[in-house]
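Number of protein chains: 4
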Amino acid sequence: MIRATIWGENVHEKESDIVAEIYPNGMHSCIADAIRGDGIEAITATMDQPEHGLTEARLAETDVLVWWGHKAHGDVDDRIVERVAEAVWSGMGAIFLHSAHFSKPFKRLMGTPCNLSWREAGERERLWLTSRNHPIAAGLPDSFELEYEEMYGEPFGIPEPMETVFISWFQGGEVFRSGVTYKRGAGNVFYFRPGHETYPTYHDGNVHRVLQNAVRWAYNPAARIAQPTHAPNVPVDSAPEPLEERGPKLHKPGEEGYR
Amino acid sequence: MIRATIWGENVHEKESDIVAEIYPNGMHSCIADAIRGDGIEAITATMDQPEHGLTEARLAETDVLVWWGHKAHGDVDDRIVERVAEAVWSGMGAIFLHSAHFSKPFKRLMGTPCNLSWREAGERERLWLTSRNHPIAAGLPDSFELEYEEMYGEPFGIPEPMETVFISWFQGGEVFRSGVTYKRGAGNVFYFRPGHETYPTYHDGNVHRVLQNAVRWAYNPAARIAQPTHAPNVPVDSAPEPLEERGPKLHKPGEEGYR
Amino acid sequence: MIRATIWGENVHEKESDIVAEIYPNGMHSCIADAIRGDGIEAITATMDQPEHGLTEARLAETDVLVWWGHKAHGDVDDRIVERVAEAVWSGMGAIFLHSAHFSKPFKRLMGTPCNLSWREAGERERLWLTSRNHPIAAGLPDSFELEYEEMYGEPFGIPEPMETVFISWFQGGEVFRSGVTYKRGAGNVFYFRPGHETYPTYHDGNVHRVLQNAVRWAYNPAARIAQPTHAPNVPVDSAPEPLEERGPKLHKPGEEGYR
Amino acid sequence: MIRATIWGENVHEKESDIVAEIYPNGMHSCIADAIRGDGIEAITATMDQPEHGLTEARLAETDVLVWWGHKAHGDVDDRIVERVAEAVWSGMGAIFLHSAHFSKPFKRLMGTPCNLSWREAGERERLWLTSRNHPIAAGLPDSFELEYEEMYGEPFGIPEPMETVFISWFQGGEVFRSGVTYKRGAGNVFYFRPGHETYPTYHDGNVHRVLQNAVRWAYNPAARIAQPTHAPNVPVDSAPEPLEERGPKLHKPGEEGYR
Chain A
1274 MIRATIWGEN VHEKESDIVA EIYPNGMHSC IADAIRGDGI EAITATMDQP
1324 EHGLTEARLA ETDVLVWWGH KAHGDVDDRI VERVAEAVWS GMGAIFLHSA
1374 HFSKPFKRLM GTPCNLSWRE AGERERLWLT SRNHPIAAGL PDSFELEYEE
1424 MYGEPFGIPE PMETVFISWF QGGEVFRSGV TYKRGAGNVF YFRPGHETYP
1474 TYHDGNVHRV LQNAVRWAYN PAARIAQPTH APNVPVDSAP EPLEERGPKL
1524 HKPGEEGYR
Chain B
1274 MIRATIWGEN VHEKESDIVA EIYPNGMHSC IADAIRGDGI EAITATMDQP
1324 EHGLTEARLA ETDVLVWWGH KAHGDVDDRI VERVAEAVWS GMGAIFLHSA
1374 HFSKPFKRLM GTPCNLSWRE AGERERLWLT SRNHPIAAGL PDSFELEYEE
1424 MYGEPFGIPE PMETVFISWF QGGEVFRSGV TYKRGAGNVF YFRPGHETYP
1474 TYHDGNVHRV LQNAVRWAYN PAARIAQPTH APNVPVDSAP EPLEERGPKL
1524 HKPGEEGYR
Chain C
1274 MIRATIWGEN VHEKESDIVA EIYPNGMHSC IADAIRGDGI EAITATMDQP
1324 EHGLTEARLA ETDVLVWWGH KAHGDVDDRI VERVAEAVWS GMGAIFLHSA
1374 HFSKPFKRLM GTPCNLSWRE AGERERLWLT SRNHPIAAGL PDSFELEYEE
1424 MYGEPFGIPE PMETVFISWF QGGEVFRSGV TYKRGAGNVF YFRPGHETYP
1474 TYHDGNVHRV LQNAVRWAYN PAARIAQPTH APNVPVDSAP EPLEERGPKL
1524 HKPGEEGYR
Chain D
1274 MIRATIWGEN VHEKESDIVA EIYPNGMHSC IADAIRGDGI EAITATMDQP
1324 EHGLTEARLA ETDVLVWWGH KAHGDVDDRI VERVAEAVWS GMGAIFLHSA
1374 HFSKPFKRLM GTPCNLSWRE AGERERLWLT SRNHPIAAGL PDSFELEYEE
1424 MYGEPFGIPE PMETVFISWF QGGEVFRSGV TYKRGAGNVF YFRPGHETYP
1474 TYHDGNVHRV LQNAVRWAYN PAARIAQPTH APNVPVDSAP EPLEERGPKL
1524 HKPGEEGYR
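Chains as they are written, first to last, in the working numbering: chain A, 1274 to 1532; chain B, 1274 to 1532; chain C, 1274 to 1532; chain D, 1274 to 1532.
Okay, structure coming up:
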């Protein structure tokens, strides 16, 4: 059983009647419902919970974290961001949705601005598959459409992906790398573009399929790495090959490295 | 003329007689001397200067920043780290040397722990070229040796590189990806492993050649991107293709996006 | 159940008493025995069979092909090489072992010389993991040794890998990227270095684990792509968006493209 | 001075009045005129010349080869294809234009089908820059348009690029990775999509700029690698570290490896 945690900012749903009507139980609940099943458990966490719902214990029991945020990016506690990053490095999968391109943990993991151009005009988006038979595209046709979406346009300020899985065509004339994969430490990372809060994107069957596939793809069954940032000293007498110490030294025996 | 700025932490040189003897004018000066010439200007900056010597003005006039730090990683001001990252995204080249694998700006740009194993035993290191005729290896043989070096061992906690240029063999039995390239925004990034402070690595001719080549490789002659993190709204009437606005909206006309 | 086919050249085993003693039933049989089990079926095919044992029917029923060849690379029929390449593009996984770096199908899929330096001296090899928790390394320590192996040295003439999973240290002073992954069409490709015919490498437990893991990793459960080289024409009236034909044309309606 | 050779199939120009009118001196001449200047020499070669105009001597004096072919892909001599591939591996740059996605040397270097979907309807193409300040995009805006072009659509059967530089939007609803870079051996490779023979694409100023930039980017000033496919034996007494030969051997002293 893969354990997914769907994190929702849960702000628009409370402030906007439009969003509340489309997602009466919150976007996170709709996303969790879409992901749950066929060997995947899905629970939710929201920003207003203690530690944003992402305690050490919760992350330890999360195989794949799915993140939707937008208006309150700046309110996410930096300590939780580091905790999420460490969990990814230790092997937790992470999926960032739509406006989460500007979320703190995504930017933290990418090391780049993650910026783009955008337009909120309810235009048609068509996602094209660029990597046939990629596990994230299982069961999908070579392209599918979302009739109403926000436009995100290139240049998208991300590192070159491990693989580009989807590229979007927009009615207004732009293109965007809408599905991109990365590895960060032992963690698999996927960014998926669609999902503007004022449109019913997370009720779409093809989007559901991408989400389910992505959770399966991001899941790393290996035991979590215990100390993913540890930099161990290897004493001379533990070197794989016999070695005689030579030359001047700065560090004293048994001393920790600087960081 | 390419303008390189060599940043040195400049702490070991003042605290350790061993380091001071090898690098009487500081490691940064020795590195600058090695890089200077043949169309490259090289000046230095050190941590004890105001703003660590890396003012907005200085970075604006730096084509390639070379970074050596170790003991005082934690003392580098986070605002300067962000300033360096923004300069890289806008097109400044950046070269990180040896223990700078754990420097704040390198970790910021990688999005990973950048950890490794290590041993200070004055052992022999042999660097092997893995990408023949790579510009960073111009004029170098397929391998070269450093008789005394600190060991850094895999697994090295970095993202998969754009290109792996060098891999090191160590006498004690380890290996390490010693020369790796990345692109972050418009900026070229190179990490180069050798350079422990208690050995004369920066007096070595092959190392000099790598440093000079790397500065040339990292140099991006294009004008710096003015606002490398900007995410512009494209109004409906500026869309490349004629477009009629539809559907519900969250953002008011002219409003900035959330971040 | 994953269906693996282990292809063996099966020449050294018949010509060399040394090899025959280590692998009395052929290297392919030993490799198949190591891979079989835990949800993997493993059968063998050899060069001396009709169509080298790799008929269309056989490849259609092969999820992952494992290839060991050396002395008779040049005797492999070019039509079979193309057949294997097409199967990979359509989704079959492929694992190339040791001297298969110079096999026709590996070179065909890489598009590069795949050359290296080598020495047959029974020296110690130590493989280091460079991508922690990679599925191919499941259950393995950060490094493991093979006491007797042939040396392969960098530069290795391959394209930059999707991921570098292992790097080898050799007693004689060289290093080598010993585990590298690629994607070619819908097919996952893995190259794994160890396996010289005069040493008992394929009797080693850690090597067994890598082989099993690699087969699981390379397996793509999606249905094979029917025509992996097809370049379909999209008629104007089937364009996703309404389109009016304009301008001069070279192709007649319904005509195939040139290739 | 960079020496570019522009190779043209030169068939459509002789068979089609439409193409002859747009490119009265042949497409290759128009492309050479666009590239020539500012430190670049550009000469042409065509398929009807002896050895297709690509003799050993000519390739030895070519820094960057630019290739346009379409109707006669199948008529290109396989020995010339290997010669071109070897030149690339040894350090020659190579730029493949438009329908050259199906040329023999491009497919040879990629190791994949290089297939796509297509439509000849004179539709609008808009190329978006995905890698800001990339040298190949020097002096170009974030997007530019070609009013009449053939459509090429994803999925494009190529390996994951080193960098994706351009992505195209098409009026009929498709997208395409229109500018992609690779490294093959010591050679830099660039594919650029636009350039259908019945439209005036190679008279466009932005296209000229891409072509000039790409030639500069692809140029590797290092001396050509003499034997790019050589796999040298390293005798035991030439090993970098002292080594005593052990274990059984297959190869006799001084023997060449199998290939």
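We put the CB at the ideal spot given by N, CA and C, even for glycine.
Below-8 angstroms beta-carbon distance, residue i vs any chain B residue
i       : result
D/A1504 : no
A/A1333 : no
A/V1509 : yes
CA nearest to the CA of residue i, picked from the options
i       : options                            : result
A/G1458 : B/E1396, B/V1357, B/P1386, B/R1466 : B/P1386
A/H1503 : B/E1423, B/L1389, B/H1325, B/A1373 : B/L1389
B/F1417 : C/V1448, C/T1437, C/W1391          : C/V1448
A/T1317 : A/E1282, A/H1343, A/P1297, A/V1480 : A/E1282
C/A1315 : C/I1279, C/A1358, C/P1408, C/I1353 : C/I1279
C/A1246 : C/G1445, C/H1374, C/T1471, C/E1324 : Because chain C here runs from 1274 to 1532, residue 1246 of chain C falls outside it and cannot be looked at.
B/A1358 : B/H1343, B/D1348, B/A1333          : B/A1333
D/W1362 : D/Y1464, D/D1336, D/Y1421          : D/D1336
B/G1312 : B/P1505, B/W1490, B/M1435, B/P1508 : B/W1490
D/L1402 : D/F1443, D/F1439, D/P1378          : D/F1439
D/G1430 : C/T1328, C/L1382, C/V1349          : C/L1382
C/L1338 : C/G1530, C/N1298, C/E1393, C/Y1464 : C/Y1464
B/K1456 : B/T1437, B/T1474, B/R1309, B/G1446 : B/T1437
CB contact check: residue i to chain D, cutoff 8 angstroms
i       : result
A/R1236 : With chain A represented from 1274 up to 1532, any question about residue 1236 of chain A goes unanswered, as that position is not in the structure.
A/G1395 : no
B/G1364 : yes
C/L1327 : no
B/A1360 : no
C/L1516 : yes
C/I1353 : no
Distance between beta carbons of residue j and residue i, contact taken as under 8 angstroms
i       : j       : result
A/G1364 : A/N1493 : 5 angstroms
A/A1360 : C/A1411 : With 8 angstroms as the limit, A/A1360 and C/A1411 do not qualify as a contact, their Cβ atoms being about 19 angstroms apart.
D/W1340 : D/S1376 : 6 angstroms
C/G1468 : C/H1371 : 3 angstroms
B/H1481 : B/A1305 : No, B/H1481 and B/A1305 are not in contact; Cβ-Cβ is about 11 angstroms, not under 8 angstroms.
C/A1367 : C/G1460 : 6 angstroms
Enclosing alpha helix (DSSP H) for residue i [first to last residue]
i       : result
D/S1316 : Position check: residue 1316 of chain D holds Ile in this sequence, whereas Ser was assumed. Element bounds for D/I1316: not the alpha helix (DSSP H) but the beta strand (DSSP E), 1313-1319.
A/R1466 : Careful: A/R1466 lies outside any alpha helix (DSSP H) and carries neither H nor E.
B/A1496 : B/A1496 -> no alpha helix (DSSP H), and no H or E assigned at all.
D/L1332 : 1329-1333
C/S1363 : 1351-1363
A/R1381 : 1377-1383
N- and C-terminal bounds of the beta strand (DSSP E) containing residue i
i       : result
B/K1456 : 1448-1457
A/L1534 : Coverage of chain A is limited to positions 1274 through 1532, which leaves residue 1534 of chain A absent and any answer about it impossible.
D/E1422 : 1416-1426
A/S1390 : 1390-1402
D/I1409 : Premise fails: D/I1409 is in no beta strand (DSSP E) and is neither H nor E.
Chain C within 8 angstroms of residue i, Cβ atoms only
i       : result
D/K1287 : no
D/I1304 : no
Test: residue i CB closer than 8 angstroms to a CB of chain A
i       : result
B/R1532 : yes
C/P1513 : yes
B/R1457 : yes
D/V1448 : yes
B/H1524 : yes
Using a Cβ-Cβ cut-off of less than 9 angstroms, give me the residues of the region 1404-1424 of chain C that come near chain A, in sequence order.
-> Of all residues in the region 1404-1424 of chain C, only S1404, R1405, N1406, H1407, P1408, A1410, A1411, G1412, S1416, E1418 come within less than 9 angstroms of chain A when Cβ atoms are compared, listed by chain position.
Which residues, in chain order, does the region 1489-1503 of chain A contribute to contact with chain C at a C-beta distance below 9 angstroms?
-> Those would be N1493, P1494, A1495, A1496, R1497, I1498, P1501, in chain order.
Near-chain A residues of the region 1369-1402 of chain B - C-beta to any C-beta below 8 angstroms = Within the region 1369-1402 of chain B, the residues whose Cβ lies closer than 8 angstroms to some Cβ of chain A are S1372, F1375, R1381, L1382, M1383, G1384, T1385, P1386, N1388, L1389, S1390, W1391, R1392, E1393, A1394, G1395, E1396, listed in chain order.
Residues in the region 1468-1479 of chain D with C-beta within 7 angstroms of chain C's C-beta atoms, listed in sequence order?
-> Cβ contacts with chain C: E1470, T1471, Y1472.
Residues in the region 1429-1440 of chain D having any Cβ partner in chain B nearer than 8 angstroms = Cβ contacts with chain B come from M1435, E1436.
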